[in-house]
Amino acid sequence: MDDVDQLRRFLFENEPLRGHWVRLEESWLAARTHQSLPPAVNRLLGEALAAVSLLAAALKFRGTLTLQVTGGGSLSLLIAQATHDQHLRGIAQLREDTPVPVEEDFRALVGEGRLVVTVDAGDGVPPWQGIVPLSGNTLSECLESYFETSEQLPTRLVLSANEHRAGGILLQKLPTPSDAGEAAEGHVRDVWDEAALFLKTVQPHELLDAPLEPLLQVVFGEHDLRLFEPDRVRFQCRCDEERVASLLQGLGEAEVRSVLEEQGMVTVTCEFCQRPYRYDAIDVAQLFAVAPLPEVPGSLN
Ligand SMILES: [Zn+2]
Numbered sequence: 002m003d004d005v006d007q008l009r010r011f012l013f014e015n016e017p018l019r020g021h022w023v024r025l026e027e028s029w030l031a032a033r034t035h036q037s038l039p040p041a042v043n044r045l046l047g048e049a050l051a052a053v054s055l056l057a058a059a060l061k062f063r064g065t066l067t068l069q070v071t072g073g074g075s076l077s078l079l080i081a082q083a084t085h086d087q088h089l090r091g092i093a094q095l096r097e098d099t100p101v102p103v104e105e106d107f108r109a110l111v112g113e114g115r116l117v118v119t120v121d122a123g124d125g126v127p128p129w130q131g132i133v134p135l136s137g138n139t140l141s142e143c144l145e146s147y148f149e150t151s152e153q154l155p156t157r158l159v160l161s162a163n164e165h166r167a168g169g170i171l172l173q174k175l176p177t178p179s180d181a182g183e184a185a186e187g188h189v190r191d192v193w194d195e196a197a198l199f200l201k202t203v204q205p206h207e208l209l210d211a212p213l214e215p216l217l218q219v220v221f222g223e224h225d226l227r228l229f230e231p232d233r234v235r236f237q238c239r240c241d242e243e244r245v246a247s248l249l250q251g252l253g254e255a256e257v258r259s260v261l262e263e264q265g266m267v268t269v270t271c272e273f274c275q276r277p278y279r280y281d282a283i284d285v286a287q288l289f290a291v292a293p294l295p296e297v298p299g300s301l302n
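Throughout, my numbering is defined as the position within the sequence shown, counted from one, plus 1.
This is the structure:
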């Protein structure tokens with residue numbers, strides 16, 4: 002089976018509905034290879050990675066989309082990121098003093114908190130951000146309420162993850178033309194309600210293992226669907242020397258030198274991919290010798 006690490010887009014030929022399907026395998030394993038997480042947290046991270054892949058496909062942008070869950074339960078932070086070209090990465094962090102529920106219980110895991118979706122196009126364009134409270138009983142429900150409030154686009158999601166795979170389907174109702182008339186709009190509403198209902202019957206094992214085309218046929222069988230060519234999804238970290246150098250420069254020379262003195266070497270380890278960046282005395286000297294002075298516009302006035 003080679004339909005893993007793929008994102009597929011589909012359209013309803015005769016209705017203003019569209020969807021995206023994703024299944025992660027290699028990319029999911031690579032994303033969590035350095036993280037040792039309890040099963041319930043692991044599954045949530047997998048679902049979040051499938052979700053950002055679907056969101057990145059559904060929202061038009063170039064750059065990075067970040068889903069951040071800040072929880073008040075045993076999960077303190079979850080970050081999942083996707084670029085417009087489907088490079089994924091993610092991390093989950095636990096609160097040490099709070100036991101992780103053994104059962105898969107999203108509410109107990111996250112407690113009170115919020116979900117933030119940030120789209121960063123880079124190049125000095127201010128990032129765009131949507132925030133919703135973690136009010137749903139699943140990550141899917143929280144994301145649906147995000148779409149409701151921030152995108153005003155009716156959206157339904159199903160997500161699932163296990164040790165080996167993560168996957169999901171996102172379904173959206175597109176705006177009907179304003180001159181469509183009441184009957185046409187009523188019809189689309191009925192089609193949407195029914196399709197959304199059928200989507201929610203998709204089982205986790207179907208999301209993770211069932212071949213895509215027969216699955217879509219079973220779920221949306223009475224409609225003609227058009228399935229587009231797959232996009233490849235892969236794990237790729239965005240860390241690099243330049244980012245780490247500017248992080249250290251931001252800490253300040255005194256701080257970095259004191260770590261150097263104490264440990265003989267400054268090591269920064271990327272949280273997403275565990276790649277270590279090492280700086281010896283010469284590297285540190287270079288770091289601060291070349292550090293540009295901050296530009297403060299108008300400071301000469
Ligand atoms: Zn990294």
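Here a beta-carbon is modelled for each residue, glycine too, at the ideal position from N, C-alpha and C. These numbers were taken from a predicted model, which means no experiment stands behind them.
DSSP-derived helix/strand/coil call for residue i
i    : result
F221 : helix
A181 : coil
D191 : helix
R239 : coil
F289 : helix
S54  : helix
Q7   : strand
R276 : coil
G253 : coil
H35  : coil
V260 : helix
V245 : helix
L175 : coil
D232 : strand
heavy atom of ligand 1 below 8 Å from residue i C-beta
i    : result
R279 : no
E273 : The displayed chain sequence assigns Phe, not Glu, to residue 273. True, at least one ligand heavy atom lies under 8 Å from that Cβ.
R258 : no
R235 : no
C240 : yes
R33  : no
R1   : Summary: the structure shown does not reach residue 1, with the chain confined to residues 2 through 302, and so no result is reported for it.
R276 : yes
9 Å Cβ cutoff met for residue i and residue j
i    : j    : result
L8   : D232 : yes
T270 : Y280 : no
G74  : G47  : no
I170 : V203 : yes
S28  : F273 : no
L12  : L18  : yes
L217 : L208 : no
Q69  : L116 : yes
G131 : V118 : yes
P102 : A41  : yes
S54  : V5   : no
To test your reading of the DSSP string, which unbroken alpha helix (DSSP H) runs of 4 or more residues are found completely within the region 107–168? If we require 4 residues or more, the alpha helix (DSSP H) runs fully inside the region 107–168 come out as 107–111, 140–147.
Taking one C-beta from the region 118–133 and one from the region 64–77 each time, how about it: are there three or more such pairs within less than 8 Å? yes
Touching or not, the region 192–199 and the region 78–85, by the rule of three or more beta carbon pairs under 8 Å? no
Take every Cβ of the region 84–91, pair it with every Cβ of the region 224–240, and state whether three or more of those distances are shorter than 8 Å. Touching, yes.
Length-filtered (3 minimum) beta strand (DSSP E) runs lying within the region 49–95: Every beta strand (DSSP E) stretch that sits fully inside the region 49–95 and reaches 3 residues is listed by chain position as 65–72, 76–84, 88–95.
Three or more C-beta pairs closer than 8 Å, one from the region 43–57 and one from the region 242–253: is that the case here? In short, these stretches do not touch, since the Cβ pair count stays below three.
Does the region 148–163 come close enough to the region 50–59 to have 3 or more Cβ pairs within less than 8 Å? yes
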